[in-house]
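**Student:** Per the numbering used here: the sequence shown = residues 20 to 477.
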Amino acid sequence: MHPYPPSPPVAVSDPSAELWQSAARVLDTNWSGDHMVPSRRLYPHQWSWDTAFIAVGLAFVNPARAWRDLRSLFEAQWPDGRVPHIVFDPATAEDDYFPGPGFWNVPAYAGRRARGSTGIVQPPLHALAAWEVYRHAAAHGAGGVSEARTALAWLYPRLVAQQEYLTDRRDAGGSGLASIVHPWESGLDNSPAWDEALGNVPADLALLERFPRRDLAVAHAAHRPTDLDYARYIGLVRNYRDGGYSDTDLTQRHPFAVECPAFNSILGTAELALAQIAGVLGLTGDARRHRDRARDITAAIARRLWDPVTRTFRARDARTGRLSPARCVSGLLPLMLPDLPADRVTAIMEEARSERFGLPAPSADRTAATFDTRRYWRGPVWINVNWLLRRGMLVHGLRGEAEELRRAMLRLVHEHGHYEYFHPETGEGLGAPTFSWTAALCLDLLADRSAPAYSKAA
20 MHPYPPSPPV AVSDPSAELW QSAARVLDTN WSGDHMVPSR RLYPHQWSWD TAFIAVGLAF
80 VNPARAWRDL RSLFEAQWPD GRVPHIVFDP ATAEDDYFPG PGFWNVPAYA GRRARGSTGI
140 VQPPLHALAA WEVYRHAAAH GAGGVSEART ALAWLYPRLV AQQEYLTDRR DAGGSGLASI
200 VHPWESGLDN SPAWDEALGN VPADLALLER FPRRDLAVAH AAHRPTDLDY ARYIGLVRNY
260 RDGGYSDTDL TQRHPFAVEC PAFNSILGTA ELALAQIAGV LGLTGDARRH RDRARDITAA
320 IARRLWDPVT RTFRARDART GRLSPARCVS GLLPLMLPDL PADRVTAIME EARSERFGLP
380 APSADRTAAT FDTRRYWRGP VWINVNWLLR RGMLVHGLRG EAEELRRAML RLVHEHGHYE
440 YFHPETGEGL GAPTFSWTAA LCLDLLADRS APAYSKAA
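1) Report the CB separation of Pro-280 from Ser-349 in whole angstroms; it is logged as a contact under 8 Å.
2) When DSSP labels each residue in this structure, what does Trp-86 get in the three-state scheme?
3) Verify whether the separation of the beta carbon atoms of Leu-46 and Cys-461 is less than 8 Å.
4) With a CB to CB cut of under 7 Å and the five nearest residues on each side skipped, what residues in its chain are close to Phe-441?
5) Between which two residues does the alpha helix (DSSP H) containing Phe-72 stretch?
6) Closest by CA to Arg-233, which one among Asp-463, Arg-60, Arg-84 and Ser-284?
7) I'd like the ranges of any alpha helix (DSSP H) spanning at least 4 consecutive residues and lying wholly in the segment 77–159.
8) Taking all protein chains shown into account, decide if Arg-101 is buried (16 or more other Cβ within 10 angstroms of its Cβ) or exposed.
9) The alpha helix (DSSP H) with Asp-463 in it runs from where to where?
10) Suppose contacts are defined by Cβ-Cβ distances below 8 Å. Is Asp-336 in contact with Ala-250 by that definition?
11) Any idea if Ser-32 is buried or exposed, counting beta-carbon neighbours within 10 angstroms, 16 or more meaning buried?
12) Is Ser-194 a contact residue of the ligand PLP, with contact defined as CB to any heavy atom under 7 Å?
13) Name the DSSP beta bridge partners of Tyr-440, please?
14) How many angstroms separate the CA atom of Asp-467 from the CA atom of Arg-154?
15) Indicate whether Ala-95 and Ser-136 have their beta-carbon atoms separated by less than 8 Å.
16) Kindly indicate which three-state DSSP category Thr-389 falls into: helix, strand or coil?
17) Of all the options Ala-371, Asp-384 and Pro-381, which has the alpha carbon lying nearest to the alpha carbon of Ala-421?
18) Secondary structure at Ser-51, three-state DSSP: helix, strand or coil?
19) How many angstroms separate the CA atom of His-201 from the CA atom of Thr-270?
20) Compute the distance between the beta-carbons of Val-237 and Glu-151, then report whether it is under 8 Å.
21) Pull up the distance between the alpha-carbon of Asp-463 and that of Gly-121, whole angstroms please.
22) Give every residue of the same chain whose Cβ lies closer than 8 Å to the Cβ of Asp-114, excluding the five residues on either side of it in the sequence, and list them in chain order.
23) Between the segment 177–191 and the segment 104–113, do three or more beta carbon pairs fall short of 8 Å?
24) CB Leu-89 to CB Ala-172, shorter than 8 Å?
25) Excluding the 5 residues preceding and the 5 following Arg-189 in the sequence, name in chain order all residues of the same chain whose CB lies nearer than 7 Å to its CB.
26) Can you tell me whether Trp-325 is helix, strand or coil according to DSSP?
27) Tell me the DSSP bridge mates of Pro-381?
28) Go to Asn-209, then tell me how far its alpha helix (DSSP H) extends in each direction, as first and last residue.
29) Who are the Cβ neighbours of Tyr-473 in its own chain at under 6 Å, not counting the five residues just before and after it?
30) Along the alpha helix (DSSP H) that carries Val-432, what are the first and last residues, could you check?
31) At what residues does the alpha helix (DSSP H) containing Val-364 begin and finish?
32) May I ask you to report which of helix, strand or coil DSSP gives Asp-336?
33) Out of curiosity, what's the CA-to-CA distance linking Leu-227 and Asp-246?
34) Pull up the distance between the alpha-carbon of Pro-143 and that of Glu-444, whole angstroms please.
35) Tell me whether Thr-245 sits in a helix, a strand or coil according to DSSP, three-state version.
36) Between Leu-417 and Ser-67, what straight-line distance do the alpha-carbon atoms span, to the nearest angstrom?
Below, the structure is given as C-alpha cells:
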C-alpha cells in the first residue's frame, strides 16, 4: 500500500488526468527493484541527477520508492563524499552500455564491490529532492512523516559530505566554485558551453575503434553527440581514471576543468535545501551555516561567471580563465538563487524571453551558428532544466511567468509524449521515449504550484 494513492489531483474528465496516469505508468515501467532507470534501452543503470528529478515526482505516487531510489544512490557514495554519476546494475551485461563498469574500473570501496560505479559526479540536486519528498509526505498527514524524517536523518550527513567534496576538492580554480572534470558531470553533455574548453582536449578517433559506441544502436546518430565529442569524452575518462580519480592539481594535470553556472547554482540551491532539512532535524547551527554557504556560492557565481558585456552568465575554463563565448540554458539557472542581485535577475529574464531562447527554453541560443534542433544539448528543449528555471521564477516571485512556463511544459508532453527531450520548433519528441524524469516532473507540475520556502514575495 502507498501512503497515499497514485490518483491525479484533477477531475477524471480533465486531460491532465490522462497525463498523470501515463506519467505514473512510465515510472512503474522503469522501476528496477531498488532504483529507477531513466529509460529501459538507452540508459539501463541508475543515473545520479536523474534520481533526484525522479524522486520529486515519484513522491506523489510512491514515496517509499522515492526514498529507496535516493538511498540506493547514496549507498554507492565514495568515502571522499562524491556521489557517482552512474551506479551500475550488476544484472546488466557489460556490452549493454558503454562506457560500462570495466572501462571505468573503479576499485572496491566502503564495502562496495569493484566496478560498481563510475568515478565522476553530476549536479548535486539530491538535497533539494530529499526536501521535496519530505515536504510532500508532511503535506499528506502524519502517516508518512515519521518514516520521511528517518529517511532525512539517514541522508543528511551523506548530503553534507557530497557538498563538502564539491566545495573543497573540486574548487580547482580557488574561486569558491566547483569545477567539473568532464562534460558528463554537468548533465548537459554536449552543450556548446564546453566547446572552447574541449578544443584543448585531444580527440583520438581511433579510440572509437577500440571502444565502439553503444548508444547509436538504440538512438539516431543525428540526435546524439558526434564521434569527435565522444572521442574526447573517452579520452577524459581515461585521463581521470588513470590518475586514480584524484582531484589534486586538476588545472595542471587534467585537460578539462570548467566552472558551470548551472552546476554551481544547483550547488548553492542544495545548501538552501540542507538548511530546511537541518531545521527539521533540530540542527539550528547547521541550518545557519548552510544558508551562509548558499550566499557565498551565489556571490562567487555573480563575481566569477557573470559577463558584464553581454549581461549573461557563462561557463569559465578554470585552466585558462576564459569565459565561454556560448550562450546556453545553463546561464539562466542562477535564477534559482534567492540572493542573486536584482539586476542579474532582470537580465536572466530578459535573456529567457528574447529571440535567443523563449519559453520553454531550448538548451542553447536559437540564433547561434551551433544551434541544432535535434542534437541533444545543442538546441532541443528539456523538461528538467525548464523545471529548474520555473523554480527560479517562483523563488523571485515571478508567478505569472512561472505559470506560463508550467502550462507550456505540460502541453508539450501531453501532445508529444514522455520523451527525453523535444524539438524546439515542432515539439516532436526526441531521444528515449518513456523517459523517467520527464514523467516524474510532469507529476510535480500537475500537483504542486507552491513556491520554495525561501522565495521572495511576488
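All C-beta atoms, glycine included, are put in the ideal place defined by N, C-alpha and C.
No experiment lies behind these values; they were computed from the predicted model shown.
**Tutor:** Taking the geometry as given:
1) The Cβ separation is near 5 Å, so the contact holds.
2) Helix.
3) The answer is no: Cβ separation not under 8 Å.
4) Around Phe-441: Pro-399, Val-400, Leu-431, His-435, Glu-447, Gly-448 and Leu-449.
5) Its alpha helix (DSSP H) spans residues 67–77.
6) That would be Arg-60, whose Cα lies nearest to the Cα of Arg-233.
7) Whole alpha helix (DSSP H) segments, 4+ residues: 82–93, 120–123 and 145–158.
8) It is buried - the Cβ of Arg-101 has at least 16 other Cβ atoms within 10 Å.
9) Segment 455–466, the alpha helix (DSSP H) holding Asp-463.
10) Contact flag unset, no.
11) Note that Ser-32 scores 46 on pLDDT, short of 50, meaning its location in the model is unreliable; the coordinates nonetheless yield the value given after this. Counting Cβ neighbours within 10 Å, Ser-32 comes out exposed, since fewer than 16 surround it.
12) This structure lacks the ligand PLP; in fact it carries no ligand of any kind.
13) Partner(s): Leu-449.
14) Approximately 11 Å, taken between the alpha carbons.
15) Judged by their CB atoms, Ala-95 and Ser-136 are nearer to each other than the 8 Å cut-off.
16) If DSSP states are grouped into helix, strand and coil, Thr-389 belongs with coil.
17) Considering only alpha carbons, the answer is Ala-371.
18) Collapsing the DSSP output to three states places Ser-51 in coil.
19) Cα to Cα, the separation comes out at about 13 Å.
20) Contact: no.
21) Cα to Cα, the separation comes out at about 37 Å.
22) Cβ within range, chain order: Arg-233.
23) Put simply, the segment 177–191 does not touch the segment 104–113. Fewer than three CB pairs are less than 8 Å apart.
24) Taking 8 Å as the cut-off, the beta carbon of Leu-89 is found no closer than this to the beta carbon of Ala-172.
25) Hits under 7 Å: Ala-197, Ser-198 and Asp-266.
26) Three-state result, Trp-325: strand.
27) Answer by DSSP bridge pairing, in chain order: Val-400.
28) Here Asn-209 belongs to no alpha helix (DSSP H), and DSSP marks it neither H nor E.
29) So the qualifying residues of the chain are Leu-291 and Pro-357.
30) Its alpha helix (DSSP H) spans residues 418–435.
31) Here the alpha helix (DSSP H) through Val-364 covers 361–372.
32) Strand.
33) Looking at the two C-alpha atoms, the distance is approximately 8 Å.
34) Distance between the alpha carbons of Pro-143 and Glu-444 is about 31 Å.
35) Of the three classes helix, strand and coil, the one that applies to Thr-245 here is coil, per DSSP.
36) Those two C-alpha atoms are separated by around 29 Å.
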